[in-house]
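Quick notes on the structure that follows.
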Amino acid sequence: MKNLASLMKQATQMQSKMEAMQSTLEAMNIDGSAGAGMVQVVLSGKGDMRSIKIDPKLADPEEMEMLQDLIVAACADARKKLDEKAAEEMQKVTGGLNLPPGMKLPF
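The numbering used here puts the first residue of the sequence shown at 42, with every later residue one more than the last.
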């Protein structure tokens with residue numbers, strides 16, 4: 042029974058750490074860019090877009106397709122950085138424990 046109690050205590054501690062990590066991530070802003078910085082986006086730690094900056098040179102109506110592509114690329118760049126940061130924070134919380142893909146904590 043001591044092992045079970047110890048395991049439950051560890052699970053509770055990990056859940057507390059996970060909640061703290063999630064709060065930290067939610068407060069973060071992650072920048073992404075495309076087109077040599079001509080399009081920049083900022084995502085929240087939850088992945089919501091907070092802002093977008095577009096170089097005025099790209100406001101040419103004949104270049105709208107390129108502008109749209111750059112916006113998508115900048116969002117993808119920011120999302121990739123967010124995912125990497127979240128994975129890095131998860132490693133800190135789990136002590137390097139590799140969880141199965143798709144498994145999210147807290148349960």
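A virtual CB, placed ideally from N, CA and C, is assigned to each residue, including glycine.
Judging by CA-CA distance, which residue of the options is the nearest neighbour of residue i?
i           : options          : result
residue 81  : 72, 63, 89       : 72
residue 77  : 124, 115, 123    : 115
residue 124 : 104, 87, 100, 97 : 87
residue 94  : 74, 121, 54      : 74
Would residue i pass as a contact of residue j if the rule is Cβ separation under 9 Å?
i          : j           : result
residue 69 : residue 126 : yes
residue 90 : residue 111 : no
residue 46 : residue 84  : no
Give the secondary structure of residue i by DSSP, where H, G and I count as helix, E and B as strand, and everything else as coil.
i           : result
residue 94  : strand
residue 77  : coil
residue 72  : strand
residue 148 : Only weak support exists for where residue 148 lies, its pLDDT of 40 falling under 50; the coordinates are left without a value.
Nearest-angstrom Cα distance between residue i and residue j?
i           : j           : result
residue 131 : residue 102 : 43 Å
residue 52  : residue 64  : 18 Å
residue 57  : residue 135 : 11 Å
residue 107 : residue 99  : 8 Å
residue 113 : residue 66  : 22 Å
residue 97  : residue 61  : 40 Å
residue 105 : residue 128 : 35 Å
residue 109 : residue 55  : 42 Å
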